[in-house]
Each structure stands twice: as C-alpha cells, then as structure tokens.
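Here the structure is laid out as structure tokens; the discussion comes afterwards.
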C-alpha cells in the first residue's frame, strides 16, 4: 500500500471540513424558520481574488486591519468559508429590537439590519466554527474578508452582512497573534 503524505491531503481535508461547516450553518436554527442565509467555499484563484479586494479596500479606506487580514489569509489559508444574510423583515407585529416599532416600519428602511437576520447569521457562524474546532482545524471569523466578499458580490448583491472564515491546518493557528 502506498503511503499518503500530509501535504497531499491537507487542502483536500480542509475542503471536506468546509463542506461540513456549510451544512452545520445551514441546519442551525433560524427565527420563524425563515432562512435568509447563503454560503460559499473559496479556494485557489477565488481566494486570491478575495484577498486582493480586501487589500484594495484597506488601501482605499486607509484601514490597516483589512490589509493585515488580506495578507494573513493569502499567506495562511487554503480555504475560506463565507456565510452571509439578507436583510429581510420577518413580519412581526411587535418587536422593535432593530429600533423601529415593528417590521412594517423597518421595511421602509431596507439597509437597516433586522436583529433576527444577524442573530441567525451569528448562530450559523458559531455552528460552523464549532464544527471546524471539532475537527481541529484552525479558523477565525473575519468581518474584513466578509466585506470584501460583499463588494465582490460572491453570494449575490442581496446579501448585505457577510463573515469570512479562513481555514488552516498548521502547527499553530496563523490567524491569531498577528502583527
């Protein structure tokens, strides 16, 4: 039997874990059972393009965090999982958690996030990164690469709040203790 070297299976294994993360996010509970989430897995050229857009945003807006994250993900991640949500009211008569008295009023302000959409996103992201941790895969939730994904419209233009989760399998998590 031929032996398999670690370097030959690392990326394949990370892609497999990313697929499981997407399923974990999809099956996470959603308010009123309404699913407003979208997900994608990026590797290779798309991952590099996402990093370029992240860096470009950092340069354009003079934001060193975006530049740092772009370089960090480009140099350390084999895979990125994206999870995003639409901003869509749930039709509640009484809520007000978004700052408006009800969903009908909030609906007149489509750019203001619904608290339930973003809560559902947070629960889904938590489920996904928990699965990564269960498989001993290094990850970190990053808003910066999520914002680049939004600008790139990877999930579609209707997805306004997106987080990116880079994945790595090395001896030390490269997404923490950064300069």
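Numbering (the numbering used here), first residue to last: 12 to 190.
Just so you know, even glycine gets a beta-carbon here, dropped at the ideal spot from N, CA and C.
Nothing here was measured: the structure is a model prediction, and the numbers come from that model.
Taking all protein chains shown into account, decide if residue i is buried (16 or more other Cβ within 10 angstroms of its Cβ) or exposed.
i, result
"residue 35", "buried"
"residue 128", "buried"
"residue 112", "exposed"
"residue 116", "exposed"
"residue 151", "buried"
"residue 166", "buried"
"residue 107", "exposed"
"residue 56", "exposed"
"residue 6", "The structure shown does not extend to residue 6, since the chain spans only 12 to 190, so no value can be given for it."
Near residue i, which residues of its chain fall below 8 angstroms by C-beta distance, leaving aside the five closest residues on each side in sequence?
i, result
"residue 82", "62 and 66"
"residue 109", "117, 123, 124, 125 and 126"
"residue 144", "150"
"residue 189", "79 and 83"
Would you mind stating whether residue i and residue j have Cβ atoms separated by less than 8 angstroms?
i, j, result
"residue 33", "residue 45", "no"
"residue 138", "residue 42", "no"
"residue 114", "residue 126", "no"
"residue 48", "residue 98", "no"
"residue 29", "residue 90", "yes"
"residue 176", "residue 84", "no"
"residue 25", "residue 148", "yes"
"residue 170", "residue 154", "no"
"residue 181", "residue 132", "no"
Between which residues of its own chain and residue i is the CB-CB distance below 6 angstroms, once the five residues before and five after are set aside?
i, result
"residue 185", "87 and 179"
"residue 163", "64"
"residue 146", "28"
"residue 102", "114"
"residue 187", "none"
Can you round the beta-carbon distance between residue i and residue j to whole angstroms, since I take them to be within the 8 angstroms contact cut?
i, j, result
"residue 142", "residue 22", "Rounded, the Cβ-Cβ distance is 18 angstroms, inconsistent with contact."
Can you confirm whether residue i, when its beta carbon is compared against all beta carbons of chain C, has any partner nearer than 8 angstroms?
i, result
"residue 170", "No chain C appears in the structure shown, which is made up of a single protein chain."
Practice prompt. Would you check if the segment 52 to 62 and the segment 148 to 168 touch, i.e. whether three or more CB-CB distances between them fall below 8 angstroms?
Written response: yes
Worksheet item: Contact between the segment 12 to 25 and the segment 70 to 80: three or more CB pairs below 8 angstroms?
Response: no
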